[in-house]
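K.L.:
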Amino acid sequence: MAAKERTVGYDALRLEPVILIIGAEPVLAERAWARLVRLARQAHPEVQVVRLDAASYERGSLALHTSPSLFGDHRIVAVTGAEHMNDAFLAEMLAYLPQPNADIPVIIQHGGGTRGKKLLDAIAAGGWQVARIEKIKRDDDKARLVTADVRAAGRKITDGAVRALVDALGQDLRELLSATAQLLADVEGMITEDHIRDFYAGRNEATPFEIADAALAGRTGQALALARHAFATRVNPVPIVAALAAKLRQLAIVQAPGISQKELKMAPWQAQRARREARGWSDAGLGQAIRAVALADEQVKGASRDPQYAVEHAIIAIGRARRGR
Numbered sequence: 031m032a033a034k035e036r037t038v039g040y041d042a043l044r045l046e047p048v049i050l051i052i053g054a055e056p057v058l059a060e061r062a063w064a065r066l067v068r069l070a071r072q073a074h075p076e077v078q079v080v081r082l083d084a085a086s087y088e089r090g091s092l093a094l095h096t097s098p099s100l101f102g103d104h105r106i107v108a109v110t111g112a113e114h115m116n117d118a119f120l121a122e123m124l125a126y127l128p129q130p131n132a133d134i135p136v137i138i139q140h141g142g143g144t145r146g147k148k149l150l151d152a153i154a155a156g157g158w159q160v161a162r163i164e165k166i167k168r169d170d171d172k173a174r175l176v177t178a179d180v181r182a183a184g185r186k187i188t189d190g191a192v193r194a195l196v197d198a199l200g201q202d203l204r205e206l207l208s209a210t211a212q213l214l215a216d217v218e219g220m221i222t223e224d225h226i227r228d229f230y231a232g233r234n235e236a237t238p239f240e241i242a243d244a245a246l247a248g249r250t251g252q253a254l255a256l257a258r259h260a261f262a263t264r265v266n267p268v269p270i271v272a273a274l275a276a277k278l279r280q281l282a283i284v285q286a287p288g289i290s291q292k293e294l295k296m297a298p299w300q301a302q303r304a305r306r307e308a309r310g311w312s313d314a315g316l317g318q319a320i321r322a323v324a325l326a327d328e329q330v331k332g333a334s335r336d337p338q339y340a341v342e343h344a345i346i347a348i349g350r351a352r353r354g355r
């Protein structure tokens, strides 16, 4: 076997005796696992899926489920929670690695961290497949995931619709991909921005970034109405303030002289939109708005007994700052 780690994309894993999925994005780690189960069932529709929790692992379980069956049944073993593995699992998996059962894949899911590093290193050194799923932080990476899901379904989506989805749900990758799947089920033909608007009208709730968009565009009344509706549907004030701060940071960054596209750390379409929005702001007004949101951030995180009022006060302050008052 190779002595070098064999890194494989989460969407390209194949069945083999030992597979390691290290995932900082649970929804993508789940996709990797689902792919392997699907491959196993394509080969053997009656395959049995055995689940083991590495944190509460009982001695002998691995040997029990990886031993050849007298009845010739097919199995795969899924080990979850390996980031919290107990000593029994660590010891028995290390002992199992040199001679694994070639007919029973053991799939280990590790959420990240240093627990079990000796085992992770041994799997990598053994030449087994390792899928490392990094945290998806950049909006253009999230947009690519949405587009890939749509294309995989044999469908099309406009760039504007992708941007609208990422703007609305980019803070939660699971919800973003779930919304994409729902749109694919509900919409026939090309998915457009109109479909995204209709989708949110059906959900009857306001997102933090919709509130931020309205506030920074000077639509104070609309932003307040959206915020109050969000509170009525139990949206936490903290992500609303975070969205306001994120939008203000974008406006401040694009106004910096001589800054390159790489330094912006935004997708090109985000930078273009931020530049358009920044035209309605003066430097003094932007600074005033940033200070108001910084105060609101402290208040919604415990400095105020009324965090909802803190959000509304920040929205009003943003409107005044934009108008130069």
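Mapped onto our numbering, the consecutive letters of the sequence shown carry residue numbers 31 to 355.
Idealized CB from N, CA, C, for every residue including glycine.
Owing to the predicted nature of the structure, the values given are computational and were not obtained by experimental measurement.
(1) Quick one: is LEU207 buried, meaning 16 or more other Cβ sit within 10 Å of its Cβ, or exposed?
(2) Under a CB-based cut-off of 9 Å, is GLY349 close to chain D?
(3) Please state if the CB of LEU124 and the CB of LYS148 are separated by a distance shorter than 9 Å.
(4) Here's the rule I'm using: 16 or more other beta-carbon atoms within 10 Å means buried, otherwise exposed. How should MET296 be labelled?
(5) With a threshold of 8 Å, are at least 3 pairs of Cβ atoms found where one atom belongs to the segment 171-179 and the other to the segment 59-74?
(6) Would you call ARG44 buried or exposed, if buried means 16 or more other Cβ atoms sit within 10 Å of its Cβ?
(7) Among PRO56, THR250 and GLY219, which has the Cα closest to the Cα of ARG185?
(8) Which word fits PRO337, buried or exposed, when buried means at least 16 other C-beta atoms lie within 10 angstroms of its C-beta?
(9) Report, in whole angstroms, the separation of the C-beta atoms of ARG145 and GLU113, which I expect to be a contact under 8 Å.
(10) Is the segment 185-196 touching the segment 72-90 in the sense that three or more CB pairs, one from each, lie closer than 8 Å?
(11) Between which two residues does the beta strand (DSSP E) carrying HIS140 extend?
(12) Could you tell me the alpha carbon to alpha carbon distance between ALA344 and LYS172, rounded to whole angstroms?
(13) Determine the extent of the alpha helix (DSSP H) in which ASP151 is found, giving its start and end residues.
(14) Which residue or residues does DSSP assign as beta-bridge partners of ILE270?
(15) So what does DSSP say about VAL341, is it helix, strand or coil?
(16) Specify, as a first and last residue, the run of the alpha helix (DSSP H) that ASP216 falls within.
(17) Taking the CB atoms as reference points, tell me whether ILE137 and GLY53 lie closer together than 9 Å.
(18) Do you know whose CA, among ALA340, LEU58, GLY317 and SER312, lies nearest LYS165's CA?
(19) Can you tell me the Cβ-Cβ gap for ILE106 and PRO135, rounded? I've got them flagged as a contact below 8 Å.
(20) Can you tell which of VAL265, GLY156 and GLN78 has its C-alpha closest to the C-alpha of PHE101?
(21) Would you mind stating whether GLY248 and ARG352 have Cβ atoms separated by less than 9 Å?
(22) List the whole-angstrom C-beta distance separating ALA308 from GLN285, where the pair is believed to meet the contact cut-off of C-beta under 8 Å.
P.N.:
Checking against the coordinates, here is how it stands:
(1) In the sequence shown, residue 207 corresponds to position 177, counting from 1. Buried: at least 16 other Cβ atoms inside 10 Å.
(2) Checking the listed chains, one finds no chain D in this structure; it contains a single protein chain.
(3) The count along the sequence shown starts at 1 and reaches residue 148 at position 118. The count along the sequence shown starts at 1 and reaches residue 124 at position 94. Yes, they are a contact pair.
(4) Within the sequence shown, numbered from 1, the residue matching residue 296 stands at position 266. Classification of MET296: buried, given that the 10 Å Cβ count is 16 or more.
(5) Short answer: they don't touch.
(6) As a working mapping, residue 44 is identified with position 14 in the sequence shown. With fewer than 16 other Cβ atoms within 10 Å, it is exposed.
(7) Here residue 185 corresponds to residue number 155 of the sequence shown, with the count starting at 1. Of the candidates PRO56, THR250 and GLY219, the residue whose Cα lies closest to the Cα of ARG185 is GLY219.
(8) Here residue 337 corresponds to residue number 307 of the sequence shown, with the count starting at 1. Around the Cβ of PRO337, a 10 Å sphere holds 16 or more other Cβ atoms; the residue is buried.
(9) Residue mapping note: residue 145 aligns to position 115 of the sequence shown, counting from 1. Residue mapping note: residue 113 aligns to position 83 of the sequence shown, counting from 1. Yes, they are in contact, since the Cβ atoms of ARG145 and GLU113 sit about 5 Å apart, within 8 Å.
(10) Result no; under three Cβ-Cβ pairs closer than 8 Å.
(11) As a first step, residue 140 must be located in the sequence shown, where it is residue number 110. According to the DSSP assignment, HIS140 belongs to the beta strand (DSSP E) that extends over 136-140.
(12) Taking the first residue of the sequence shown as 1, we reach residue 344 at position 314. Taking the first residue of the sequence shown as 1, we reach residue 172 at position 142. Rounded to whole angstroms, ALA344 to LYS172 spans 29 Å at the Cα level.
(13) Indexing the sequence shown from 1 puts residue 151 at position 121. According to the DSSP assignment, ASP151 belongs to the alpha helix (DSSP H) that extends over 147-155.
(14) What you label residue 270 is simply residue 240 of the sequence shown in a count that begins at 1. According to DSSP, ILE270 bridges with nothing at all.
(15) Counting from one through the sequence shown, the residue named residue 341 turns up at place 311. Here VAL341 sits in helix by DSSP.
(16) Against the sequence shown, residue 216 aligns to sequence position 186. Per DSSP, ASP216 belongs to the alpha helix (DSSP H) from 203-216.
(17) As a first step, residue 137 must be located in the sequence shown, where it is residue number 107. As a first step, residue 53 must be located in the sequence shown, where it is residue number 23. Taking 9 Å as the Cβ cut-off, ILE137 and GLY53 do not qualify as a contacting pair.
(18) On the sequence shown, residue 165 is found 135 positions in, with the first residue counted as 1. The residue from ALA340, LEU58, GLY317 and SER312 with its alpha-carbon nearest to that of LYS165 is LEU58.
(19) As a working mapping, residue 106 is identified with position 76 in the sequence shown. As a working mapping, residue 135 is identified with position 105 in the sequence shown. Confirmed, about 5 Å.
(20) Position 71 of the sequence shown, counted from the start, is the residue given in the question as residue 101. The residue with the shortest Cα to Cα distance from PHE101 is GLN78.
(21) On the sequence shown, residue 248 is found 218 positions in, with the first residue counted as 1. On the sequence shown, residue 352 is found 322 positions in, with the first residue counted as 1. Yes, these two residues count as a Cβ contact at 9 Å.
(22) For this step, residue 308 is matched to residue 278 along the sequence shown. For this step, residue 285 is matched to residue 255 along the sequence shown. That belief holds up - the Cβ atoms of ALA308 and GLN285 are roughly 5 Å apart, short of 8 Å.
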